[in-house]
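Under the UniProt record's numbering, the residue at position 136 of the sequence shown is numbered 136, and the numbers go up by one with no gaps.
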Amino acid sequence: MLRKYSAITHADNGVAAKARVLRQEPYTAPFDPSLRPSTHFLPLNEGETADNSTGSQPSQVHLSVGGPGSVLVLWASGKAKTGKGPLTPLNASGASVVQYGKRSGQLDLEARGSAETYEQVYTGNYRYWGGTTALNYTSPLLHTVILANLTSATAYWYCVGDGRTFSPEFNFVSPQAPGPHYPQRLLLLADWGLSYNSSSTLDHVLASAKNATSPVSVLFIGDYSYADTWYANGTESNPNTAVEGNPNAGSWQPVWDAWQRFIEPLVSKWPLNGGTGNHEEEQQADGSAFRSVRARWPTPHAASGSDSPFFYSIETGPVHSIFLSNYHDYTNGSDQARWLARDLGAVDRARTPWVLVSFHNPWYTTDLSYKEFEQMRLALEPLTHSAGVDVFFYGHVHAYERSTPVTNYTVDPCGAVHITIGDAGNSEGLSFLNNLRERKLQFEDTPGGCPNVSAVAPRPSYLVPLLPEQDRWAWYERALTFQADGASTGVGNPRGYCYKSQPAWSAYRESSFGHGVLDVLNETHALWAWHRNQDGDPVAADSVYVYRDLQRCANKRSAAAPPGSAPAGVPATELAF
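Structure (structure tokens):
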């Protein structure tokens, strides 16, 4: 019989592992007093963020997985503008060109695309941080080119430009074609930002990418640059008070440009695909939202039959990765729910046996945002469970937490593992702390931690719209459920909303910064490892095998997919389901 949970050390080769002390009970790591729980933003144009481009020289080069056999190549050229009143956008009618090939210095292939700009405009019809000092913004040229019909898992070299001026040469390895090709490494991050802690995360993620023995893809679970925690006059909010969504909120878009330069060493070489978080909302005076992230990180949604850039799927080797949105209607009958049902129904588990789902706000967390999107879980978990989703990844909570396989708050070997990875280093600071000074851990199951909720709350407080009449969120409702064994907080809430101690489904939680690595090894085994920033690059603070039990779990089964064997050196009794 399989033991329910084991902690397994990560091996350098990503396949074999050595067992250490098994943890059968939920574990809360003590707070590491050596950590800086919050740090300032990096300078926006120095060192790692410096803009050294001139004229039409490209910068901010990054990649995303497109449809089958394709990669999106994206970059910026020209200079952004800030100032009072109307700003003249750059001319986007010029050429967007990628030269590429399978040998360095022999870039004999060419692909062309298009460019666009966007604006962040502050008018006099609403209040904003910075008052009358707010500055409008228009972006540099943002280019997108699709490289199609790429050979699977093959090295390519490329440069980008306008046909006259080109970047230096970059290189990448194309994604593995959909199919049972092993191993497959995925890197997981969320809530990154641009702080000194963020810089440490980048160093560690680069090490995990360079040490891979297979093509690498990066999955990003929202909250990219945190430009919306700056005042609209270019002043950093200190401490960062998360002003996004507030009727007085602004955003300083040059933070986006600095962040894109900061992450270029990673994403110019390893493709990143992501979903949206609350910090990408960045509402404009006309009520529109998510304009920046849509222009800078277009998604290949059409390739997966989605009409919306906010929910889509990609396939890399044996993995089918789905991105959803907490901020668009997910209720039964909605476009998002219908698309998810179609997408899950079309998964061929003989080809892509592993199914992952990512979105920003967690369904399962013991943070103070506990049950914030319970309505979404109630609407979609029956579908995702019946389809046998293997792992969910979340952000939003600035800490790390991993669950057991769980369904409806009950430990279930045929359920999904839920992993919160919103700990990439943003300047707002760590979660799981009652405040950043005292550094005492607090959860929904500790005194004073159970959130005070009401069934009539219109939406999470950080998503209050600038223009409610244009953004009603009529589909959103607080959903109060009472499966737990502890107290509740709020008028009329009976006992059982929160837990009296760390719940059985919460296997490991820690208030630290870091990133995650998922090595998919065969049809039934994947090695998950969480790397803390304060540890050495090869050290995993928490690691465990995720096991797809095809004999016991019909929801994960495919007639054409034989069960894989345990990786060498791993006794069957030391698997994590």
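Built from N, CA and C at the ideal position, the CB exists for glycine as well.
Below 8 Å, too few C-beta pairs join the stretch 38 to 50 and the stretch 67 to 75 to call them touching: fewer than three. In this chain, G345 is not harboured by any beta strand (DSSP E); it is covered by the alpha helix (DSSP H) spanning D335 to G345. Around W505, the same chain offers Y364, S403, T404, V406, Y409 and V411 as residues with beta carbons nearer than 7 Å, after the five sequence neighbours per side are excluded. Rounded to whole angstroms, the gap between the alpha carbons of L206 and G67 is 25 Å.
A straight line joining the alpha-carbon of D445 with that of A507 spans about 14 Å. Per the coordinates, the alpha-carbon of L87 lies some 14 Å from the alpha-carbon of Q253. Between the alpha carbons of A399 and K371 lies a gap of roughly 17 Å.
Using a Cβ-Cβ distance cut-off of 8 Å, the stretch 200 to 219 and the stretch 175 to 187 are in contact, since at least three pairs of beta carbons, one from each stretch, lie closer than that value. Scanning its chain for C-beta atoms nearer than 6 Å, with the 5 sequence neighbours on each side dropped, one finds around Y226 the residues G193, H279 and N426, in chain order. By the CB criterion at 8 Å, S268 and V61 fall inside the cutoff.
Between T316 and V357 a beta carbon distance of about 15 Å is seen, past the 8 Å cut, so the two are scored as non-contacting. Taking one beta carbon from each stretch, the stretch 140 to 156 and the stretch 88 to 103 have 3 or more pairs nearer than 8 Å; the two touch. Sorting S198, N452 and A134 by C-alpha distance to the C-alpha of T235 places A134 at the top.
Between the stretch 100 to 118 and the stretch 144 to 157, the count of Cβ pairs shorter than 8 Å is three or higher; the stretches touch. Taking C-beta separations shorter than 6 Å and ignoring five residues to either side along the sequence, the partners of L150 in its chain run G69 and S174, following chain order. The Cβ-Cβ distance between D162 and S53 does not fall below 8 Å. Shortest Cα-Cα distance from S199 to any of D286, I314 and E264 involves E264. P362 is a Cβ neighbour of H396, given a cutoff of 8 Å.
Per DSSP, Y137 is one residue of the beta strand (DSSP E) stretching across N136 to T138. P503 counts as buried, since no fewer than 16 other beta carbons sit within 10 angstroms of its beta carbon. Excluding its 5 nearest sequence neighbours in each direction, A487 has C-beta neighbours in its own chain below 8 Å: C450, R495, Y497, C498 and K500, listed in chain order. When rounded, the separation of the alpha-carbon atoms in Y122 and R557 is 53 Å. Each residue's CA atom was taken as its position, placing V389 and P460 some 27 Å apart.
For the pair D51 and W256, the Cα-to-Cα distance works out to about 12 Å. Closest in C-alpha terms to Y118, from the list D203, F310, G101 and K81, comes K81. In the three-state reduction of the DSSP assignment, F170 falls in the strand class, which pools E and B. In the three-state scheme derived from DSSP, where H, G and I count as helix and E and B as strand, D348 is classed as coil. Looking at the backbone, the Cα of G516 and that of L188 are separated by about 5 Å. The Cβ atoms of I221 and G305 lie no closer than 8 Å to each other. With fewer than 16 other beta carbons inside 10 angstroms of its own, T154 counts as exposed.
The Cβ atoms of F310 and T276 lie closer than 8 Å to each other. Looking only at S431, L433, Q336 and F41, the smallest Cα-Cα distance to L380 is reached by Q336. Looking only at V391, D223 and S59, the smallest Cα-Cα distance to T524 is reached by V391.
Shown here, G422 sits in coil according to DSSP, grouped into three states, outside any helix or strand. Under DSSP, A507 forms no beta bridge with any residue.
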